[in-house]
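Read through the structure below, which is laid out as structure tokens, and then see the notes.
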Amino acid sequence: MNCADFYRLAPNRVWRTYLGGATLDAISGKTDPADSHFPEDWILSATRAVNAGRESVEEGVSRVVTESGELLLTELLDRFPEEILGAAHLAKFGKRTGFLLKYLDSSIRLHLQCHPSIPFARKYLNSECGKSEGYYILGVRPGCEGYIYLGFQTPPSPEEFRRMIAEQDIAALLACFEKIPVRPGDAFYVPGGFPHAIGEGVFMIEMMEPTDFAVRIEFERGGYVLPESARFMNRGIDFAVSMFDFKRRSVETIRREQFAVPLPLPIEGAAERWSLFDKRYTPCFRAEKLLVHGSASLRQRGLHVLMVTNGSGELEINGKCCKLSAYDRILIPAKTEEIRFYSGKQLELIAALPPEV
Numbered sequence: 525m526n527c528a529d530f531y532r533l534a535p536n537r538v539w540r541t542y543l544g545g546a547t548l549d550a551i552s553g554k555t556d557p558a559d560s561h562f563p564e565d566w567i568l569s570a571t572r573a574v575n576a577g578r579e580s581v582e583e584g585v586s587r588v589v590t591e592s593g594e595l596l597l598t599e600l601l602d603r604f605p606e607e608i609l610g611a612a613h614l615a616k617f618g619k620r621t622g623f624l625l626k627y628l629d630s631s632i633r634l635h636l637q638c639h640p641s642i643p644f645a646r647k648y649l650n651s652e653c654g655k656s657e658g659y660y661i662l663g664v665r666p667g668c669e670g671y672i673y674l675g676f677q678t679p680p681s682p683e684e685f686r687r688m689i690a691e692q693d694i695a696a697l698l699a700c701f702e703k704i705p706v707r708p709g710d711a712f713y714v715p716g717g718f719p720h721a722i723g724e725g726v727f728m729i730e731m732m733e734p735t736d737f738a739v740r741i742e743f744e745r746g747g748y749v750l751p752e753s754a755r756f757m758n759r760g761i762d763f764a765v766s767m768f769d770f771k772r773r774s775v776e777t778i779r780r781e782q783f784a785v786p787l788p789l790p791i792e793g794a795a796e797r798w799s800l801f802d803k804r805y806t807p808c809f810r811a812e813k814l815l816v817h818g819s820a821s822l823r824q825r826g827l828h829v830l831m832v833t834n835g836s837g838e839l840e841i842n843g844k845c846c847k848l849s850a851y852d853r854i855l856i857p858a859k860t861e862e863i864r865f866y867s868g869k870q871l872e873l874i875a876a877l878p879p880e881v
């Protein structure tokens, strides 16, 4: 088997502690879409999901579709490391993609939570990766408000915060935050150390550092009570509190500093292209948005994943064509030099890329 010019990425639903996923069911063609404990689809992942009580279940690592059947992404990287990742990426990161990519579809507000920064992960978790994240909003369910919590708008003292968590004083915890409205097309960056929670009814693309590190300070959501091991990563409450950034950040500050401002980029033909996530926000991953309304071409810049967010069209690489429709996701190996796009009307895509090398 030779390395292909592109690969479709298979659906990869993953169990989580909160409810959602009806939108993902509908996208996959199920006749009776329903929310469940499978609210996420890990599009590109070489990372195993961490779920207390499900340690025996192999979940999280994504699969690619090949001519001879589905193959684990990790197996593909073992077979074609340089072709998929590129020589420079391989030398710096090894046989790892360097980021994790997923769809997230919430039916309830997620737990109030926090992820580690890189310095915190190095000091306490023996890891070179924390879990900073980038979100791109695809939709909000009818009847839902569309919001996130991000950063403390009314920060407590660490001592008072510890009490709130220990006593599960949810009213006091929620009083530390103000709702930040989100709508389709919004992109924003969530650094490690920032408290946050995604509101109910939000469907989005999520990029992140390739870990599943999280502390959850709210123990029950949707009728499910977190096991103790799933609250503070098998550590104590002081460990959890030490992960948080207690700086006060107004809603206006969050919108100004964390919401991505699209930066125009060049592309040949009838198309527009913008950078969403880049070194302005984080060195950990990159994302771009493309709008194609005719014929266009793009020179390859290394491994990336294309996700169709609206419309339809076609891509061509080395004379091989692939039809594209909403929510398709395509892995483009680093060996590919040029991609051609065609659309009779309009094709909207998000391109996710690893850290720049």
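Residue 525 is where the sequence shown starts when you use my numbering, and the numbers rise one by one after that. Beta carbons are placed, not taken as given, at the ideal position from N, Cα and C, and that holds for glycine.
Three-way DSSP call (helix, strand, coil) for T590 in this model: Here residue 590 refers to the residue found at position 66 of the sequence shown. Here T590 sits in strand by DSSP.
Other residues of its chain near I661: CB distance less than 7 Å, five sequence neighbours each side excluded: In the sequence shown, counting from the first residue as 1, residue 661 sits at position 137. Excluding residues within five positions, the ones whose Cβ falls inside 7 Å are V706, R707, P708, G709, D710, V726, M728.
Beta-carbon separation (whole angstroms), S569 vs C808, contact threshold 8 Å: Locating residue 569 in the sequence shown gives position 45, where the first residue counts as 1. Locating residue 808 in the sequence shown gives position 284, where the first residue counts as 1. Incorrect: roughly 15 Å between the Cβ atoms, too far for contact.
Any 3 or more C-beta pairs closer than 8 Å across the region 755 to 771 and the region 696 to 705: no
Beta bridge counterpart(s) of N834 as assigned by DSSP: On the sequence shown, position 310 is the one that residue 834 refers to. Answer is E872, bridged to N834.
Euclidean distance between Cα positions of N842 and Y531: Sequence index remark: in the sequence shown, residue 842 carries index 318 (1-based). Sequence index remark: in the sequence shown, residue 531 carries index 7 (1-based). Cα to Cα, N842 sits roughly 14 Å from Y531.
Residues near T571 in its chain [Cβ-Cβ closer than 8 Å; skip 5 each side]: For the purposes of this step, residue 571 is taken as the residue at position 47 of the sequence shown. Closer than 8 Å at Cβ, skipping near neighbours: G584, V585, L624, P734, T735, D736.
Spatial neighbours of I722 in its chain, beta-carbon cut-off 6 Å, leaving aside the 5 residues before and after: Locating residue 722 in the sequence shown gives position 198, where the first residue counts as 1. Answer for I722: S630, L634, I672, listed in chain order.
Cα-Cα separation between A754 and V574, rounded to whole angstroms: Your numbering for residue 754 matches position 230 in the sequence shown. Your numbering for residue 574 matches position 50 in the sequence shown. Each residue's Cα considered, the two are about 9 Å apart.
Given G618 as reference, the closest of Y627, F604, K626 once Cα atoms are compared: As a position in the sequence shown, residue 618 is number 94, starting the count at 1. Ranking the options by Cα distance to G618, first place goes to F604.
Close beta carbons around C638, own chain, < 6 Å, minus the five adjacent residues each side: If you number the sequence shown from 1, residue 638 lands on position 114. Closer than 6 Å at the Cβ level, and outside the excluded window around C638, lie P719, V739, M767, F768.
Own chain partners of E872 with C-beta closer than 6 Å, once the 5 adjacent residues on each side are dropped: By one-based count along the sequence shown, residue 872 stands at place 348. The residues are L815, T833, N834, G835.
R540 versus H561 - alpha carbon distance: Reading the sequence shown from its first residue, position 16 is the one you call residue 540. Reading the sequence shown from its first residue, position 37 is the one you call residue 561. Rounded to the nearest angstrom, the two C-alpha atoms are 6 Å apart.
8 Å Cβ shell around R578 - same chain, five flanking residues per side excluded: Looking up residue 578 in the sequence shown gives position 54. Same-chain partners within the cutoff: W539.
Alpha carbon of A858 to alpha carbon of A795, nearest angstrom: Mapped onto the sequence shown, residue 858 falls at position 334. Mapped onto the sequence shown, residue 795 falls at position 271. Approximately 22 Å between the Cα atoms of the pair.
Segment contact flag, the region 797 to 808 with the region 843 to 855, C-beta cutoff 8 Å, min 3 pairs: no
Residues sharing a beta bridge with H828, DSSP: Counted from its first residue, the sequence shown places residue 828 at position 304. Its beta-bridge partners are I856.
Residue interval of the beta strand (DSSP E) (run including L822): Here residue 822 refers to the residue found at position 298 of the sequence shown. Note, L822: beta strand (DSSP E), 810 to 823.
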